[in-house]
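In the numbering used here, the protein residues as written are 230 to 752. Below you'll find the structure, written out as structure tokens, and then a few comments.
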Amino acid sequence: MKKPFFIQVLLSIFIGQLCVVTVLNAQTTPRVSAWPRGVTYEIYVQSFADSDGDGKGDIKGMTSKLDYLKDLGVEGVWLMPMSPSPSYHKYDVTDYYGIDSAYGTIDDFKNFVEEAHKRNIKVVIDMVLNHSSSRNPWFLDASKNVNSPYRDYYVWTEMSDPQTQSQGNVTAGENRRRNHWTRLRGVDSNYFYYSQFGGNMPDLNFDNPKLRQEVFKIGRFWASEVKVDGFRLDAARHIFPDERPQDNHRWWEYFLQEMRKVNKDFYLIGEVWAPAEVVGPYLKGIPALFNFDMGSAIIKAVNTEKGDSLTIMHKKIRDFYKTINPDYVDATFLTNHDQNRIMSSVNNDVDKAKIAASILLTLPGSPYLYYGEEIGMQGKKPDQFIREPFLWDVKGKDKSRATWEAPRNSTDSTITPVALQMKDKNSIYSHYKTFIQLRNGSKALSYGAVEPVNLNNAALCAFVRLAEGESVLVLHNLSKSEVNVTVPDELKDYSKISFKNKDVTLRNNSLKMPAYSTVLLKK
Ligand code: CA
């Protein structure tokens, strides 16, 4: 069972050391936007780029595409898990210090990190610490032997524990899950292990100080020897059971402190898949958290063609986050590897996918893109069909394309490969690139505060982005119809169009905005 002494241990470590958050600064880079405020690109390695023709994307393939990412304007990558694992997704790790041989070697990866850094691209790797694989040698040993040194790396209970009985009687030999408890294999086993995400993913026991030391060792290895810039923390709210959220918050403060002993700028971004009020309290230990609420709100706004409340909501969330950690990073995104792709979420309507990107890339935050989003890849669950191979070129000419699965959604007949989209200024790729560069070139868009603007028109999402020395009035028309709107008196100084992506006109404070258009006005 999970032991209660954890809080005392942590308190003794924390006293006097709470102010560890480092301000992430940008002074040394030539561009306005410096990561983590710039765009980060999430990659499912197996589907991104294959270097050796075995059908699986790999590290060398990914390395060969760094120039592509640089050209797109990306300032960081988040790589989904690469450590050895029996599953295709690799969220159940058997060796925390290794690279799966299908992806390459640790030297390949060190080279990737070096090449990324040469291009000023930061590298964030997925760190799956809540649970290991049931085939991890720790678990194999622990499950065979109650006296194993790894026994307390996991959380055990016995048949007599009523928690294991809550869905009915357990019969001999049965290995089904009971809530979060899985019965150990073996006909007469009396033991159950805690497994929030199923029997193949036994939870690690963070009440065990030896396990915590092991986790720090893993973290230090990747931060100091491999020199990655940060971790994306999988299932960050599940380290301790749901009824112990404060232990989860404190654990990450403790972890951040340890990682920043290795690298004072070390970056942590967490997956706390929950409403903003649950996400907020994690910001002390995890300075960057995914803004799931805004992702769904943007999609809803685009689908209903009603954008007037988006920035009010965003500002409210950000004001709340600020009370917890003034240096928080608001990691915005449309969808990720666990959700239907944005293109499919807007019923494959290219105009709607584009306006969703326009909104994401002009709102505040640190936007995350999911690989393939920039070429309009489609994808609906189950999971492997939202993680389909990237289309680099037309079939026959595409030497990098992964073929480990036959795509169901993003095929040669549904998606124009990026090589062709690059030559088309109206492509979704060109749209993404335009907006990323617009953002990267603007201090206000990268760092500025946001002030919602009410224009009494539900189809418009309007706001001011305000930084020192630069302010910009942004308007998006989410509707399929043209909208005419008068710029209110208090904003009439914003009289110059500094950017437009369609035929927007401004005459005597009167704006004419075509369907799905965006305009930026400056003073
Ligand atoms: Ca390969």
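Heads up, the beta-carbon is just placed ideally off N, CA and C, and yes, glycines get one too. Given the structure is predicted, the values throughout are model-derived calculations rather than measurements.
Legend entry - Collapsed DSSP secondary structure at residue 488 in the structure displayed: Within the sequence shown, numbered from 1, the residue matching residue 488 stands at position 259. DSSP places residue 488 in helix when its eight states are reduced to three.
Inset, instruction - Name, in chain order, the residues that DSSP records as bridge partners for residue 695. - result: By one-based count along the sequence shown, residue 695 stands at place 466. According to DSSP, residue 695 bridges with 678 and 700.
Inset, instruction - Measure the alpha-carbon distance for residue 296 versus residue 594 and round it to whole angstroms. - result: For this step, residue 296 is matched to residue 67 along the sequence shown. For this step, residue 594 is matched to residue 365 along the sequence shown. Going from the Cα of residue 296 to the Cα of residue 594 covers about 24 Å.
Inset, instruction - Measure the C-alpha to C-alpha separation of residue 341 and residue 459 and round it to an integer number of angstroms. - result: Stepping through the sequence shown from its first residue, residue 341 is reached at position 112. Stepping through the sequence shown from its first residue, residue 459 is reached at position 230. Cα to Cα, residue 341 sits roughly 15 Å from residue 459.
Inset, instruction - Excluding the 5 residues preceding and the 5 following residue 542 in the sequence, name in chain order all residues of the same chain whose CB lies nearer than 8 Å to its CB. - result: As a first step, residue 542 is located in the sequence shown; it is residue number 313 there, counting from the start. Correct list, in chain order: 522, 523 and 526.
Inset, instruction - With DSSP collapsed to three states, give me the class of residue 734. - result: Position 505 of the sequence shown, counted from the start, is the residue given in the question as residue 734. Three-state DSSP puts residue 734 in a strand.
Legend entry - C-beta atoms of residue 572 and residue 613 nearer than 8 Å: By one-based count along the sequence shown, residue 572 stands at place 343. By one-based count along the sequence shown, residue 613 stands at place 384. For residue 572 and residue 613, no; Cβs fall outside 8 Å.
Legend entry - Any non-hydrogen atom of ligand 1 closer than 7 Å to residue 628 Cβ: Residue numbering aside, residue 628 sits at position 399 when the sequence shown is read from its first letter. It does not: the Cβ of residue 628 is nowhere closer than 7 Å to a heavy atom of ligand 1.
Legend entry - Per DSSP, cross-strand counterpart(s) of residue 355: Within the sequence shown, numbered from 1, the residue matching residue 355 stands at position 126. Bridge partners of residue 355: 461.
Inset, instruction - Decide if residue 323 is buried, meaning its Cβ has at least 16 other Cβ atoms within 10 Å, or exposed. - result: Mapped onto the sequence shown, residue 323 falls at position 94. Classification for residue 323: buried.
Inset, instruction - Could you tell me whether the segment 625 to 635 touches the segment 726 to 737, using the rule of 3 or more Cβ pairs below 8 Å? - result: no
Legend entry - Status (buried if at least 16 other CB within 10 Å, exposed otherwise) for residue 514: Stepping through the sequence shown from its first residue, residue 514 is reached at position 285. Residue 514 is buried by the Cβ-count criterion.
Legend entry - residue 330 versus residue 360 - alpha carbon distance: Translated into the one-based positions of the sequence shown, residue 330 becomes position 101. Translated into the one-based positions of the sequence shown, residue 360 becomes position 131. Rounded to the nearest angstrom, the two C-alpha atoms are 21 Å apart.
Inset, instruction - Using beta-carbon positions only, say whether residue 508 and residue 501 come within less than 8 Å of one another. - result: For the purposes of this step, residue 508 is taken as residue 279 along the sequence shown, with counting starting at 1. For the purposes of this step, residue 501 is taken as residue 272 along the sequence shown, with counting starting at 1. Result yes, Cβ atoms of residue 508 and residue 501 sit closer than 8 Å.
Legend entry - Straight-line Cα distance separating residue 552 from residue 494: Position 265 of the sequence shown, counting from 1, holds the residue named residue 494. Position 323 of the sequence shown, counting from 1, holds the residue named residue 552. The straight-line gap from Cα to Cα measures roughly 22 Å.
Inset, instruction - Would you kindly work out how many angstroms separate the C-alpha atoms of residue 602 and residue 619, rounded to a whole number? - result: Counted from its first residue, the sequence shown places residue 602 at position 373. Counted from its first residue, the sequence shown places residue 619 at position 390. So the two alpha carbons sit approximately 10 Å from each other.
Inset, instruction - May I ask you to check if the CB of residue 548 is nearer than 7 Å to at least one heavy atom of ligand 1? - result: On the sequence shown, residue 548 is found 319 positions in, with the first residue counted as 1. No, since every heavy atom of ligand 1 falls outside the 7 Å radius drawn around the Cβ of residue 548.
Inset, instruction - May I ask you to report which of helix, strand or coil DSSP gives residue 316? - result: The sequence position of residue 316 within the sequence shown is 87, counting from 1. Three-state result, residue 316: coil.
Legend entry - Proximity of residue 332 and residue 600 at Cβ, strictly below 8 Å: Your numbering for residue 332 matches position 103 in the sequence shown. Your numbering for residue 600 matches position 371 in the sequence shown. No; because the gap between Cβ atoms is not below 8 Å, this pair is not in contact.
Legend entry - residue 280 beta carbon near ligand 1 (any heavy atom closer than 7 Å): For the purposes of this step, residue 280 is taken as residue 51 along the sequence shown, with counting starting at 1. Yes.
Inset, instruction - Compute the distance between the beta-carbons of residue 531 and residue 465, then report whether it is under 8 Å. - result: To locate residue 531, count along the sequence shown from 1; it is residue 302. To locate residue 465, count along the sequence shown from 1; it is residue 236. No. Outside cutoff.
Legend entry - Cβ separation of residue 435 and residue 480, assumed to be a contact under 8 Å, to the nearest whole Å: Here residue 435 corresponds to residue number 206 of the sequence shown, with the count starting at 1. Here residue 480 corresponds to residue number 251 of the sequence shown, with the count starting at 1. That pair is a contact at about 6 Å.
Legend entry - Proximal residues to residue 474 (C-beta, below 8 Å), its chain only, five neighbours per side dropped: Numbered from its first residue, the sequence shown carries residue 474 at position 245. Same-chain partners within the cutoff: 466, 507 and 510.
Inset, instruction - Ignore the nearest five residues each way along the sequence and tell me which others in residue 535's own chain have a CB closer than 6 Å to its CB. - result: Here residue 535 refers to the residue found at position 306 of the sequence shown. Answer for residue 535: 687, listed in chain order.
Inset, instruction - Verify the contact flag: residue 654, CB atom, against every heavy atom of ligand 1, threshold strictly below 7 Å. - result: To locate residue 654, count along the sequence shown from 1; it is residue 425. No, Cβ of residue 654 sits at least 7 Å from all heavy atoms of ligand 1.
Inset, instruction - Give a yes or no on contact between the segment 656 to 664 and the segment 688 to 705, applying the rule of three or more CB pairs nearer than 8 Å. - result: no
Legend entry - Endpoints, the beta strand (DSSP E) within which residue 742 is located: On the sequence shown, residue 742 is found 513 positions in, with the first residue counted as 1. Per DSSP, residue 742 belongs to the beta strand (DSSP E) from 739 to 742.
Inset, instruction - On a CA-only basis, which of 639, 369, 662 and 306 is nearest residue 382? Give me that one, please. - result: Here residue 382 is taken as the residue at index 153 of the sequence shown, counted from 1. Here the closest residue by C-alpha is 369.
Inset, instruction - Could you tell me if residue 478 is buried or exposed, where buried requires 16 or more neighbouring beta carbons within 10 angstroms of its beta carbon? - result: Taking the sequence shown and counting its residues from 1, the one referred to as residue 478 is at position 249. With 16 or more other Cβ atoms within 10 Å, it is buried.
Inset, instruction - Just the C-alpha distance for residue 742 and residue 706, rounded to the nearest angstrom, thanks. - result: Position 513 of the sequence shown, counting from 1, holds the residue named residue 742. Position 477 of the sequence shown, counting from 1, holds the residue named residue 706. Roughly 7 Å separates the two Cα atoms.
Inset, instruction - Counting only runs of 3+ residues fully inside the segment 588 to 661, write out the beta strand (DSSP E) ranges in chain order. - result: 597 to 599
Inset, instruction - Please find out if some non-hydrogen atom of ligand 1 comes closer than 7 Å to the beta-carbon of residue 283. - result: Your numbering for residue 283 matches position 54 in the sequence shown. Indeed, a heavy atom of ligand 1 lies less than 7 Å from the Cβ.
Inset, instruction - Please determine, among 390, 393 and 747, the residue with the shortest C-alpha to C-alpha distance to residue 581. - result: Counting from 1 along the sequence shown, the entry for residue 581 is found at position 352. When only C-alpha atoms are compared, the closest one is 747.
Legend entry - Euclidean distance between Cα positions of residue 365 and residue 674: Within the sequence shown, residue 365 is the residue found at index 136, counting from 1. Within the sequence shown, residue 674 is the residue found at index 445, counting from 1. One C-alpha to the other measures close to 45 Å.
Legend entry - Minimum C-alpha distance to residue 321 - residue among 428, 448 and 685: In the sequence shown, residue 321 corresponds to position 92, counting from 1. Of the candidates 428, 448 and 685, the one whose C-alpha sits nearest the C-alpha of residue 321 is 428.
Legend entry - Beta-carbon proximity list for residue 338, same chain, < 6 Å, skipping 5 on both sides: Stepping through the sequence shown from its first residue, residue 338 is reached at position 109. Hits under 6 Å: 288 and 328.
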